[in-house]
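Worksheet: the structure to be examined is printed underneath.
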Amino acid sequence: MTAEPAPAGAPTPSDFIRDAVASDLAAKRHAAVVTRFPPEPNGYLHIGHGKAICINAGIARENQGRFNLRMDDTNPAKEEAEYVDAIIADVQWLIAGWADHCLCLQEKGARPVAHTVNGKADFHLVGAAGQAKAAALLEPFHASNYFDALYEFALTLIRQGKAYVCDLSPKETDEYRGAPDKPGRESPYRHRSVAENLDLFQRMKTGEFPDGARTLRSKIDMASPNVWLRDPLLYRIRHASHHQTGDRWCIYPLYDYAHCLSDYIEGVTHSLCSLEFTVHRPLYDWILEQLDLPRPRPHQYEFAKLITTYMITSKRNLLRLVNEGVVSGWDDPRLPTLSGIRRRGIPASAVRNFAIGAGVTKYDSVTEIAVFEHHIREELNLSSARRLAVLRPVKIVLTNLAPGETVECEATNNPQSDTPTTRKIALTREVFIESDDFAEVPPPKYFRLKPGGEVRLKYACIISCQEVVKDAAGAVTEIRCTAQLDTRAGQANADKKVKGTIHWVSVSQGVSVETRLYDRLFTVPEPWTAEDLRTFVNPRSLETVTAIVEPSLRDARPGECFQFERLGYFTPDAKDSAPGRPVFNRTITLKDTTIKAVAKAGTHSSP
RNA sequence: UGCCUGGUGGUGUAAUGGUAGCACAGGCGACUUUGACUCGCCUAGUCAUGGUUCGAAUCCAUGCCGGGCAGCCA
-9 MTAEPAPAGA PTPSDFIRDA VASDLAAKRH AAVVTRFPPE PNGYLHIGHG
41 KAICINAGIA RENQGRFNLR MDDTNPAKEE AEYVDAIIAD VQWLIAGWAD
91 HCLCLQEKGA RPVAHTVNGK ADFHLVGAAG QAKAAALLEP FHASNYFDAL
141 YEFALTLIRQ GKAYVCDLSP KETDEYRGAP DKPGRESPYR HRSVAENLDL
191 FQRMKTGEFP DGARTLRSKI DMASPNVWLR DPLLYRIRHA SHHQTGDRWC
241 IYPLYDYAHC LSDYIEGVTH SLCSLEFTVH RPLYDWILEQ LDLPRPRPHQ
291 YEFAKLITTY MITSKRNLLR LVNEGVVSGW DDPRLPTLSG IRRRGIPASA
341 VRNFAIGAGV TKYDSVTEIA VFEHHIREEL NLSSARRLAV LRPVKIVLTN
391 LAPGETVECE ATNNPQSDTP TTRKIALTRE VFIESDDFAE VPPPKYFRLK
441 PGGEVRLKYA CIISCQEVVK DAAGAVTEIR CTAQLDTRAG QANADKKVKG
491 TIHWVSVSQG VSVETRLYDR LFTVPEPWTA EDLRTFVNPR SLETVTAIVE
541 PSLRDARPGE CFQFERLGYF TPDAKDSAPG RPVFNRTITL KDTTIKAVAK
591 AGTHSSP
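Mapping of the first sequence onto the numbering used here: position 476 corresponds to residue 466, and the numbering continues sequentially without gaps.
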């Protein structure tokens, strides 16, 4: 768990939020920077959350601060413990080696304790960052851990005459609220006495009233142009079991009330969230202001969320794809969930570079998926070992090699390495090549194998095509070639040039492996605008083939990334691989200008 | 018709009163035992109109266009 050194020459990100943090620090408004990432455990994290994590963790990291992982679990109806574990794993994966030393969790079982600061009542809970405590003794913060503190704060608001118990039904509450362009009306229960409010609120807590019968509301301004200031609800009654607190509570705080106070309780200094919460900020500030709190108050700043073409990131839509079986689960490699992305073989660093590069602004932008793909290839190109694999095989017979004869060849593991290593691979009489790499009737500018043509087998030698053998149906069954063994590395004609170099795998030594070729899940760049998402699901987003790979790949393990030369990057699937029997996921293809070159040649040569 | 926010090449993002730059995408070329990588070159932008100023993407005014907000969701 060491911090990754900042890339040489990489400028420190600068944006309006970082400017605000720097100015707060300069003015000594806070002793240290504390940010937070507060997901609701009602689904898996996706790449949009990834951006929020990168911003919150990144700012903590740049200021030697910490960032709290908190489950925003105030709604028992929608949340599940299963999601908590997935969220923790995804966050840790995303920041490993980068900001994990800033990640702050709390001691198991810890709760904020009431105490007095400068004569004022307070609740405070500080966690442990990095490895200050053994991981087994830590857990994420939970808003539900603050229910007692939140209840006490609510009592304070009632005593101050800033909150009241309202008996309006949900429908009536809605009607009384008015509309953005017309003021609301005051609830008939708005002027109850403090004593009555206290009594009713306590009875709400003890379970005397059914769901929806009463609420606790703040008393602000029913005529405010900001609808979120029209006496917003603080508590609702829900006789439901909560995944953390069980049946201890039947009243649950709402987001606006719980969030600002959770931030305060944890000592958060900068609460960074997405733009849709901007209209809630006056309420965030109002609640904290009323309570006359002894410690510095947190402040909320909003940034534009990450939206990427061909991806959907709404939990509703994601859940639907999962439930309807369009994908195999939350971690389907085609999904932009962090679990899916990880399973697909995309490095966390690529996600971070993408998220950070998207910037921190207040403009709702749509980032092209090509940028993400660029970052994926950039990382994988540097780190992936090269291997030979054939996805759609066609057989070549090297007629001048004897059956059983092997010609040892040396292959480079990673040409991008400063000190490249090599491995041995065997050329045999029969090898598979990619069916795309042979064309009986080649288009113009076709560099690969064709009747009477020559091509180099990568790391081996140049071969000449002599004869094409077909079955009764006219399908090519084998291509008979001669190997020019003196064009191997180190031989007399090693420097002989041919236009094309192709990959291959020995028929006798190759291993068959299930390989999953993933493509974009949607056929249109902005699927979220669709009436029905399923209309634009790409029917070819997953194709499964039996690939033939070089023998060393039999031992590939999940977590390892390979470049199958000329094809793309592949990684063993973490769920379906077994020792000695990997199942490969294609992370992404190599950039391919072949199509363009051939198409262009075709265009030029046609009338 | 209310309030809050925004508007810089195709896309994303810098420039904080002083030469509009970077990245992705696109185009052309070089290199190449990956049609990859790498390298070079090119295309293309300040929403509009006024104003302030020696000088405006930046400040002011007006207009236009976009996004968000009316859950007992977060």
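C-beta atoms are modelled at their ideal positions from N, C-alpha and C, and glycine is treated no differently.
The model shown is predicted, which means the values in this text are computed figures rather than measured ones.
Distance, Cα to Cα, residue i vs residue j?
{"i": "residue 499", "j": "residue 399", "result": "13 Å"}
{"i": "residue 277", "j": "residue 164", "result": "22 Å"}
{"i": "residue 86", "j": "residue 148", "result": "45 Å"}
{"i": "residue 245", "j": "residue 225", "result": "9 Å"}
{"i": "residue -8", "j": "residue 88", "result": "Note on residue -8: pLDDT 37, under 50, position unreliable in the model; the coordinate value appears next. Going by the C-alpha atoms only, they are around 8 Å apart."}
{"i": "residue 154", "j": "residue 222", "result": "11 Å"}
{"i": "residue 33", "j": "residue 523", "result": "19 Å"}
{"i": "residue 210", "j": "residue 14", "result": "29 Å"}
{"i": "residue 597", "j": "residue 405", "result": "Residue confidence is low: residue 597 scores 29 on pLDDT, short of 50, so the model does not pin down where it sits. Its coordinate-derived value is still stated next. Those two C-alpha atoms are separated by around 42 Å."}
{"i": "residue 7", "j": "residue 429", "result": "57 Å"}
{"i": "residue 567", "j": "residue 95", "result": "33 Å"}
{"i": "residue 408", "j": "residue 337", "result": "21 Å"}
{"i": "residue 598", "j": "residue 128", "result": "Because the chain is modelled from -9 through 597, residue 598 falls outside the range shown and cannot be assessed."}
{"i": "residue 571", "j": "residue 321", "result": "21 Å"}
{"i": "residue 24", "j": "residue 114", "result": "14 Å"}
{"i": "residue 455", "j": "residue 488", "result": "13 Å"}
{"i": "residue 207", "j": "residue 136", "result": "19 Å"}
{"i": "residue 605", "j": "residue 458", "result": "Coverage of the chain is limited to positions -9 through 597, which leaves residue 605 absent and any answer about it impossible."}
{"i": "residue 447", "j": "residue 423", "result": "9 Å"}
{"i": "residue 266", "j": "residue 292", "result": "8 Å"}
{"i": "residue 161", "j": "residue 31", "result": "28 Å"}
{"i": "residue 334", "j": "residue 349", "result": "25 Å"}
{"i": "residue 107", "j": "residue 282", "result": "11 Å"}
{"i": "residue 494", "j": "residue 72", "result": "44 Å"}
{"i": "residue 5", "j": "residue 259", "result": "17 Å"}
Please say whether residue j and residue i have beta carbons closer to each other than 8 Å?
{"i": "residue 132", "j": "residue 75", "result": "no"}
{"i": "residue 531", "j": "residue 511", "result": "yes"}
{"i": "residue 116", "j": "residue 379", "result": "no"}
{"i": "residue 599", "j": "residue 58", "result": "Nothing about residue 599 can be read from this structure; the chain reaches only from -9 to 597."}
{"i": "residue 341", "j": "residue 35", "result": "no"}
{"i": "residue 598", "j": "residue 248", "result": "As shown, the chain starts at -9 and ends at 597. That puts residue 598 outside it, with no answer to give."}
{"i": "residue 19", "j": "residue 286", "result": "yes"}
{"i": "residue 490", "j": "residue 445", "result": "yes"}
{"i": "residue 69", "j": "residue 233", "result": "yes"}
{"i": "residue 598", "j": "residue 29", "result": "Residue 598 cannot be examined here, being either before or after the span of the chain that is shown, -9 to 597."}
{"i": "residue 189", "j": "residue 228", "result": "no"}
{"i": "residue 217", "j": "residue 170", "result": "yes"}
Report all residues from its chain with a CB closer than 6 Å to the CB of residue i; omit the five preceding and five following residues, and keep chain order.
{"i": "residue 120", "result": "91"}
{"i": "residue 354", "result": "294"}
{"i": "residue 274", "result": "250, 290"}
{"i": "residue 533", "result": "507"}
{"i": "residue 496", "result": "416, 418, 421"}
{"i": "residue 537", "result": "379, 381, 503, 505"}
{"i": "residue 9", "result": "none"}
{"i": "residue 46", "result": "25, 27, 57, 262"}
{"i": "residue 3", "result": "none"}
So residue i and residue j are supposed to be a Cβ contact under 8 Å. How far apart are they, rounded?
{"i": "residue 418", "j": "residue 395", "result": "7 Å"}
{"i": "residue 576", "j": "residue 507", "result": "5 Å"}
{"i": "residue 470", "j": "residue 387", "result": "5 Å"}
{"i": "residue 220", "j": "residue 212", "result": "5 Å"}
{"i": "residue 527", "j": "residue 184", "result": "Between residue 184 and residue 527 the Cβ distance is about 57 Å, and since that is not below 8 Å, they are no contact."}
{"i": "residue 544", "j": "residue 562", "result": "The pair is not a contact, with the Cβ atoms about 11 Å apart (cut-off 8 Å)."}
Excluding the 5 residues flanking residue i on each side, which residues of the same chain have their C-beta closer than 7 Å to its C-beta?
{"i": "residue 253", "result": "26, 261, 288"}
{"i": "residue 451", "result": "473, 474, 475, 477, 478"}
{"i": "residue 362", "result": "298, 344"}
{"i": "residue 44", "result": "342, 345, 346"}
{"i": "residue 442", "result": "455"}
{"i": "residue 319", "result": "312"}
Near residue i, which residues of its chain fall below 8 Å by C-beta distance, leaving aside the five closest residues on each side in sequence?
{"i": "residue 461", "result": "467"}
{"i": "residue 558", "result": "576, 577, 578, 579, 580"}
{"i": "residue 414", "result": "398, 399, 400, 401"}
{"i": "residue 403", "result": "375, 376, 410, 411, 412, 413"}
{"i": "residue 118", "result": "94, 95, 96, 97, 128"}
Would you say the beta carbon of residue i is closer than 7 Å to some non-hydrogen atom of the ligand ADP?
{"i": "residue 292", "result": "In the structure on display, the ligand ADP does not appear, and there are no ligands present to speak of."}
Worksheet item: Can we say the stretch 506 to 520 touches the stretch 290 to 303, given the rule of at least three CB pairs closer than 8 Å?
Response: Segments in contact, yes.
Worksheet item: Taking one C-beta from the stretch 365 to 378 and one from the stretch 461 to 480 each time, how about it: are there three or more such pairs within less than 8 Å?
Response: No contact exists between the stretch 365 to 378 and the stretch 461 to 480.
Fill in: Three or more C-beta pairs below 8 Å linking the stretch 304 to 311 and the stretch 4 to 19
In this structure the stretch 304 to 311 does not lie against the stretch 4 to 19, because fewer than three pairs of beta carbons, one per stretch, are closer than 8 Å.
Worksheet item: Are three or more beta carbon pairs between the stretch 65 to 83 and the stretch 232 to 242 nearer than 8 Å?
Response: Here the stretch 65 to 83 lies against the stretch 232 to 242, with 3 or more beta-carbon pairs under 8 Å apart.
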